[in-house]
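*Asks:*
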Amino acid sequence: MKLTLGHLKRGQRAIIKEFSAEKIPLKLLEMGCLPGNEVRLLHIAPFKDPLYLDVNGTHLAIRKETALHIEIDLIDNE
Numbered sequence: 075m076k077l078t079l080g081h082l083k084r085g086q087r088a089i090i091k092e093f094s095a096e097k098i099p100l101k102l103l104e105m106g107c108l109p110g111n112e113v114r115l116l117h118i119a120p121f122k123d124p125l126y127l128d129v130n131g132t133h134l135a136i137r138k139e140t141a142l143h144i145e146i147d148l149i150d151n152e
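In this note's numbering, the protein residues as written are 75 to 152.
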């Protein structure tokens, strides 16, 4: 099973690995949601949607449906 942004728990950090460009809105790419960037899950809204993320210092909210298309590598939290 591939690990995606939609699987992160609050406070976890990860590196964006890859995604399907057709499934990701251009606005997310413009805001830094690109492979190689670090992401941290800040908060999950009620009913589990949307997810509030910190991507290289930029705070953004994305739908869980979109987050499930963005593959990540988890960073060990020390």
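Every residue, glycine too, gets a C-beta built ideally from N, C-alpha and C.
Kindly identify the DSSP beta-bridge partner or partners of Leu125.
*Replies:* DSSP, once it has assigned bridges, lists Ile118 and Ile136 as partnering Leu125.
*Asks:* Are the CB atoms of Gly110 and Ile90 nearer to each other than 9 Å?
*Replies:* Yes, Cβ-Cβ distance for Gly110 and Ile90 is below 9 Å.
*Asks:* DSSP on Lys83, reduced to helix/strand/coil?
*Replies:* Lys83: coil per DSSP, three-state reduction.
*Asks:* If we call anything under 9 Å between Cβ atoms a contact, is Leu125 one with Leu77?
*Replies:* Result no, Cβ atoms of Leu125 and Leu77 do not sit closer than 9 Å.
*Asks:* Any idea what DSSP makes of Leu102, helix, strand or coil?
*Replies:* Looking at Leu102 - three-state DSSP - the assignment turns out to be helix.
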